[in-house]
Structures are given as C-alpha cells and as structure tokens.
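*Asks:* Got a structure for you, written out below as structure tokens; questions coming shortly.
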Amino acid sequence: MLDWITSPEAWAALVTLTAMEIILGIDNVVFISLVVQKLPPAQALRARQVGLSAALILRIALLFALTWLIGLQQTLFSAFGHDFSWRDIILMAGGAFLIAKATQEMHGALEGEDEPEADDGPGAYAQRAFMAVVVQVILLDLVFSVDSILTAIGMAEHLAIMVLAVIIAVSIMFAASGPLSAFIAAHPTTKMLALAFLVLIGFTLVADGFGAHIPKGYIYAAMAFSVMVEMLNVAASGRRRRRIAARHAEEQQ
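The opening residue of the sequence shown carries number 18 in the working numbering; numbering runs sequentially from there.
Next up, the structure:
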C-alpha cells in the first residue's frame, strides 16, 4: 500500500497532480471569494470553512467511488451529433449556474440594488443568507470536483497520492480564499473583473458539456493578463490618492 513512498516517480506524480488540482481550483476560489462578500466576517470565515470542508470530503468520496465516477463518462443519449453523459450534464448545469449567478451579481453591482428586508428579523435573514452561500459553494464544489477527480485518476496510479494531492490543494485553496476575498472587498473594481471571469468559466463549462473543449491554458492566460492590468490600475489609483492626501495636508498647514 505504501510502497509508493520510496518511488521518485510517485513523488513527481504527487507534485504534478497537486499543482494541477490547485490550478483547477482557481475557479472555485474565485467563486467562494465572491459569494461570501455579503456575509459578516465571522460568517464569511465559517462559510469558507464549511464549503471547502465539503469540497474536501466530496472529492475524497469521489476518489473512493472510481468505478461510479468513470461511469459518468458513459453515453446517456445522443443529440445534435454529440453523445451526452452525466459528466456533460453536470458541467452544463454548473456552467449555466455560474453564468446566471455572475450576471445577477453584475446587475446588482451596476444598479446598486439594496439588500432585501427581512420580515422575520435580522438573525433569521443572516442565517438564511449563510445557508444560501454554503449551498451554492457545495453545488459548485460538485461541478468542479468532477473534472478535478477525473484529472487525478488520469495522472496518478495510487489512491493515496490522489487523496494527498486533494488535501494539499484544498488546504491551499482555503488559505488563498481569505486574502482574495479581502482584496476584492478592499478594491471593488476587481469584483467586476472576477465576475467576468466566472461568466467566462461558466461558458467554458457549458461548451465542454457540448463537446467543444476550450484549453484551460488560454483561459488562465487571459485571466492572468487581466489581473496584471488590474493590479497596475489599483497601484496607480493608490498612488494618486496618496498624492492628493499629501497635497491636501500641505495646504492645511
């Protein structure tokens, strides 16, 4: 069972698979960072803990259900010249949900809509909001877990390597989600960029479900370039604010 520990090839597979799991988890981290924005800090932390714990449990459970998971790729029906499987349906449903959720958040940000009033008290409303966030995170965990675990099955031979890679990747996702959420809250313009990423990711999931695979490298390269440009904008905006504040302070002296 543990003979892989002395195998250099197994350790190389662990490092490679962990890196792939982290890359595939970027979408999940962005989504979690956005949906917890409306929660108080303590509940946002709990939502991230519960959501990513569910992601970890779900991915490990799927790893132990390899036969069932591989069966998700078997054809259910054919339409429009494409054979559809359960995997395709899950990807299309998840992609459609991402597009709808990101579009709704964009509309709210542009229109400046107020939060709905709670008829049964702020405590009950806060609890419902918390549960809604957790449910959304878990549902998207399911979508992202399918591709993540199928990748793990294709890249490693030992179940222990797959489980360890998933644990490391989810731990890094949890560590990254807090700072990313705080950064988005501190720089509201980045929220629109992140929402645009989610629309793009949702589109790629739907396209993948229809058999039109879009290489993730192109998506992540575009995201990285956009983030770099936005970071430059944030830095320039911060410098302008500091210069204005310094000039204002000089005028008051």
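Glycine included, each C-beta is placed from N, C-alpha and C at the ideal position.
1) Since Ala59 is in the beta strand (DSSP E), which residue starts that stretch and which ends it?
2) For Gly98, count neighbouring C-beta atoms within 10 Å of its own C-beta (all shown protein chains included) and say buried if the count is 16 or more, exposed if not.
3) Could you tell me the alpha carbon to alpha carbon distance between Lys118 and Val160, rounded to whole angstroms?
4) Are the CB atoms of Leu108 and Phe101 within a distance shorter than 7 angstroms?
5) I need the straight-line Cα distance from Glu281 to Glu268, nearest angstrom please.
6) Would you check if the segment 214-225 and the segment 71-80 touch, i.e. whether three or more CB-CB distances between them fall below 8 angstroms?
7) Between which two residues does the beta strand (DSSP E) containing His99 stretch?
8) Could you tell me how far apart the beta carbons of Leu89 and Leu176 are, in whole angstroms, since I believe they sit closer than 8 angstroms?
9) Would you kindly report the start and end of the unbroken alpha helix (DSSP H) that includes Phe94?
10) If I follow the unbroken alpha helix (DSSP H) through Leu212, where does it start and stop?
11) Taking C-alpha atoms, which residue in Phe227, Ile40 and Ile261 lies nearest to Trp103?
12) So is Glu134 buried or exposed if we call it buried at 16+ other beta carbons inside 10 Å?
13) Under the rule that 16 or more other beta-carbon atoms within 10 Å means buried, what is Thr206, buried or exposed?
14) How far does the alpha helix (DSSP H) with Ala252 in it reach, from first residue to last?
15) Beta-carbon within less than 6 angstroms of Leu157's beta-carbon, same chain only, minus the 5 sequence neighbours each way: which residues are those?
16) Comparing C-alpha positions only, which one of Ala263, Arg76 and Glu247 sits nearest to Ser162?
17) Rounded to whole angstroms, what's the CA-CA distance from Gln91 to Arg256? Just pull it up for me.
18) Are there three or more Cβ pairs, one per stretch, closer than 8 angstroms when the segment 61-70 is compared with the segment 209-216?
*Replies:* Put simply:
1) No beta strand (DSSP E) contains Ala59, which is instead part of the alpha helix (DSSP H) from Pro58 to Leu80.
2) exposed
3) 15 angstroms
4) no
5) The shown model of the chain, from 18 to 270, leaves out residue 281, and the question about it has no answer.
6) no
7) Residues His99 to Ser102.
8) That pair is no contact at about 18 angstroms.
9) That residue, Phe94, is in no alpha helix (DSSP H); its beta strand (DSSP E) goes Thr92 to Ala96.
10) Thr206 to Gly226
11) Phe227
12) Its pLDDT being 49, under 50, Glu134 is placed unreliably in this model, and the value from its coordinates should be taken loosely. It is exposed - the Cβ of Glu134 has fewer than 16 other Cβ atoms within 10 Å.
13) exposed
14) Taken as a continuous stretch (DSSP letters only), the alpha helix (DSSP H) holding Ala252 covers Lys233 to Gln269.
15) Phe48
16) Arg76
17) 56 angstroms
18) Short answer: they don't touch.
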